[in-house]
Amino acid sequence: MSDKSYQIALLPGDGIGPEVIAEAVTLLDAVSEACGFRITYTENAAGGAAIDRYKDPMPDSVVETCQAADGVMLGAVGGPAWDHHTGDMRPESGLLKIRRELGVFANLRPVAVPASLAEASPLRPEAVAGTDMLVVRELTGGIYFGEPRGRSGEPGNEDAFNTMRYTTPEIERVARVAFAWARKRRGRLCSVDKANVLVVSQLWRDVVTKLGAEEYADVELSHMYVDNAAMQLVINPGQFDVIVTGNLFGDILSDAGATLGGSLGLLPSASLGATRPGLFEPVHGSAPDIAGQSKANPIACILSAAMMLDDLGEEKAASGLRAGVEGALDEGLRTADLGREGRESVSTREMGEAILVHARKVI
Ligand code: NAD
177 MSDKSYQIAL LPGDGIGPEV IAEAVTLLDA VSEACGFRIT YTENAAGGAA
227 IDRYKDPMPD SVVETCQAAD GVMLGAVGGP AWDHHTGDMR PESGLLKIRR
277 ELGVFANLRP VAVPASLAEA SPLRPEAVAG TDMLVVRELT GGIYFGEPRG
327 RSGEPGNEDA FNTMRYTTPE IERVARVAFA WARKRRGRLC SVDKANVLVV
377 SQLWRDVVTK LGAEEYADVE LSHMYVDNAA MQLVINPGQF DVIVTGNLFG
427 DILSDAGATL GGSLGLLPSA SLGATRPGLF EPVHGSAPDI AGQSKANPIA
477 CILSAAMMLD DLGEEKAASG LRAGVEGALD EGLRTADLGR EGRESVSTRE
527 MGEAILVHAR KVI
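Residue numbers for the sequence shown follow the working numbering, so the first one is 177 and each next one is one higher.
Shown next, in the form of structure tokens:
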């Protein structure tokens, strides 16, 4: 084995978080060994588990451990035990803090519906089969962070407002991430905005168009209004390769895209900044309804680990994990979330083991 090694910060979190992180770690250990590099881990509480341990959902000491790592893997946070907490003591505020402190401005959510899973989709199988897109959402700007914001006035006559604001550098940096991914994938980028109404979207469109012409002429760039994009995602999701959009539109569109595959348990994400570490986490939450029952689908977390390996430049190991997932699904294995009536489902552990067997075939 070479002496190449990576330090990964694990934040298993709450509910099914620790269960799915455990499967991802087993697979990371196996593919790293097979591909000749080493991974070492630090593990810390986050969210509800950190409230119980430190009375803080994301203590500064945990943030510092994460900042020193090559990659951060998070399971999920939250659950009924902490629902009575408010403000900065909510588990989710720990999540916002770590995203902010790591400066991860681009959130990447791939949505793929292999033919073997099209039957699990709420849409007609023929409408979704073969869907393979990547949504790149701007994560640290736009209307969620814009100032001024406020609420004033008397009950019955109140006034409330937010500000949607983007600067040229903010648009350029997230567009660069999206153009680069389009180049690595099928060469098509669709930028989603509301330039027929919003001035901020007119700037967004101008900046993306100029960048495309000057630096990414090989990428086929198109623009779509967000209302049409929401409709097209449902009517014909197969038309998209990479989508880039702002924080608000991306929040809504990426959740709409998330429903296409039929289960939240399939969807990984990566949040990247200008420098490492990135933050890699499944899209789903802590699923308190199935926590501790070995029913959780570990695929979203394992595919998040694959995105981390891509980010570290370990593409062979990453494709080993993806091939493992594909092999297990093709073999017909299904956790309960993907099951159909009358069909037996496998446990979290069994799905992880099957993915490992198939991953080993290619690495
Ligand atoms: P959820 O994603 O936890 O669960 C929604 C539904 O999907 C549930 O029926 C659950 O059983 C199922 N599900 C989710 N992931 C699954 C998996 N891997 N395998 C099988 N089934 C799965 O969303 P929720 O119920 O709205 O939220 C539960 C808690 O999680 C809340 O406290 C919420 O705030 C938190 N949450 C955290 C994150 C995060 O950590 N990133 C994201 C969303 C929600």
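Note that the Cβ used here is the ideal one computed from N, Cα and C, for glycine as well.
| task | Pick helix, strand or coil for Pro267, following the three-state DSSP scheme. | result | Position 91 of the sequence shown, counted from the start, is the residue given in the question as residue 267. Looking at Pro267 - three-state DSSP - the assignment turns out to be helix.
| Proximity winner among Gly189, Ala434, Ile197, Asp417, relative to Gly363 (alpha-carbon distances) | Start at 1 with the first residue of the sequence shown, and residue 363 comes out as number 187. Checking every option, the nearest Cα to that of Gly363 belongs to Asp417.
| message | Residues in the same chain with beta-carbon distance under 6 angstroms from Glu513, minus the five sequence neighbours each way, listed in chain order, please. | response | Counting from 1 along the sequence shown, the entry for residue 513 is found at position 337. First, the residue type needs correcting, since residue 513 is Asp and not Glu in the sequence shown. Hits under 6 angstroms: Ser439, Gly441, Asn473.
| task | Using 7 angstroms as the cut-off, classify the Cβ of Gly189 as near or not near the heavy atoms of ligand 1, replying yes or no. | result | For the purposes of this step, residue 189 is identified with residue 13 of the sequence shown, where counting begins at 1. Yes.
| request: May I have a chain-ordered list of the beta strand (DSSP E) segments no shorter than 3 residues that lie completely inside the segment 208 to 266? | output: Within the segment 208 to 266, the complete beta strand (DSSP E) segments of 3 residues or longer fall at 214 to 219, 247 to 252, listed in chain order.
| query | Of all the options Val533, Glu330, Leu505, Arg276, which has the alpha carbon lying nearest to the alpha carbon of Phe321? | reply | For the purposes of this step, residue 321 is identified with residue 145 of the sequence shown, where counting begins at 1. Nearest option by C-alpha distance: Arg276.
| Hey, would you say the C-beta of Leu607 is under 7 angstroms away from at least one heavy atom of ligand 1? | No information on residue 607 is available, as it lies outside the stretch 177 to 539 that the chain covers here.
| Whose C-alpha, out of Ala358, Ile319, Gln408, is nearest the C-alpha of Leu374? | Along the sequence shown, read from residue 1 onward, the residue named residue 374 stands at position 198. Nearest C-alpha to Leu374: Ile319.
| message | Tell me whether Asn473, by its Cβ, gets closer than 7 angstroms to a heavy atom of ligand 1. | response | On the sequence shown, position 297 is the one that residue 473 refers to. Remark: the shortest separation between the CB of Asn473 and any heavy atom of ligand 1 falls under 7 angstroms.
| Buried or exposed: where does Lys360 fall if 16 or more other Cβ atoms within 10 Å of its Cβ makes it buried? | Here residue 360 is taken as the residue at index 184 of the sequence shown, counted from 1. The residue in question, Lys360, is exposed, as its Cβ has fewer than 16 Cβ neighbours within 10 Å.
| query | According to DSSP, which residues form a beta bridge with Cys366? | reply | Mapped onto the sequence shown, residue 366 falls at position 190. The secondary-structure analysis by DSSP pairs Cys366 across a beta bridge with Ser398, Ile419.
| Tell me, which residues are paired with Tyr392 by DSSP? | Reading the sequence shown from its first residue, position 216 is the one you call residue 392. Here Tyr392 is not bridged, per DSSP, to any residue.
| query | For the putative contact between Asp369 and Thr421, defined by C-beta atoms under 8 angstroms, what is the C-beta separation to the nearest angstrom? | reply | The sequence position of residue 369 within the sequence shown is 193, counting from 1. The sequence position of residue 421 within the sequence shown is 245, counting from 1. Contact between Asp369 and Thr421 holds: CB atoms are separated by about 7 angstroms, below the 8 angstroms threshold.
| Mind checking whether the beta-carbon of Gly125 lies closer than 7 angstroms to any heavy atom of ligand 1? | With the chain running from 177 to 539 in the structure shown, residue 125 is simply not present.
| Between the segment 298 to 310 and the segment 332 to 343, do three or more beta carbon pairs fall short of 8 angstroms? | Because the criterion of three Cβ pairs below 8 angstroms is not met, the segment 298 to 310 and the segment 332 to 343 do not touch.
| What does Ser447 pair with, by DSSP beta-bridge criteria? | Within the sequence shown, the letter at position 271 stands for residue 447. Bridge partners of Ser447: Asn283, Leu455.
| field | Per-residue DSSP class, three states only, for Arg313 | value | Residue 313 sits at position 137 when you count from the first residue of the sequence shown. DSSP places Arg313 within a strand segment (E or B) once states are collapsed to three.
| field | Asp190 and Val253 closer than 8 angstroms at C-beta | value | By 1-based counting over the sequence shown, the position of residue 190 is 14. By 1-based counting over the sequence shown, the position of residue 253 is 77. Their beta carbons are under 8 angstroms apart, which means Asp190 touches Val253 by this criterion.
| Segment limits, alpha helix (DSSP H) that includes Pro345 | The residue you call residue 345 lines up with position 169 of the sequence shown. 344 to 360 is the span of the alpha helix (DSSP H), which, as asked, contains Pro345.
| query | Grouping DSSP H, G and I as helix and E and B as strand, with all else coil, what is Thr435? | reply | Residue mapping note: residue 435 aligns to position 259 of the sequence shown, counting from 1. For Thr435, the three-state secondary structure derived from DSSP is coil.
| Which word fits Val239, buried or exposed, when buried means at least 16 other C-beta atoms lie within 10 angstroms of its C-beta? | As a first step, residue 239 is located in the sequence shown; it is residue number 63 there, counting from the start. Val239 counts as buried, since no fewer than 16 other beta carbons sit within 10 angstroms of its beta carbon.
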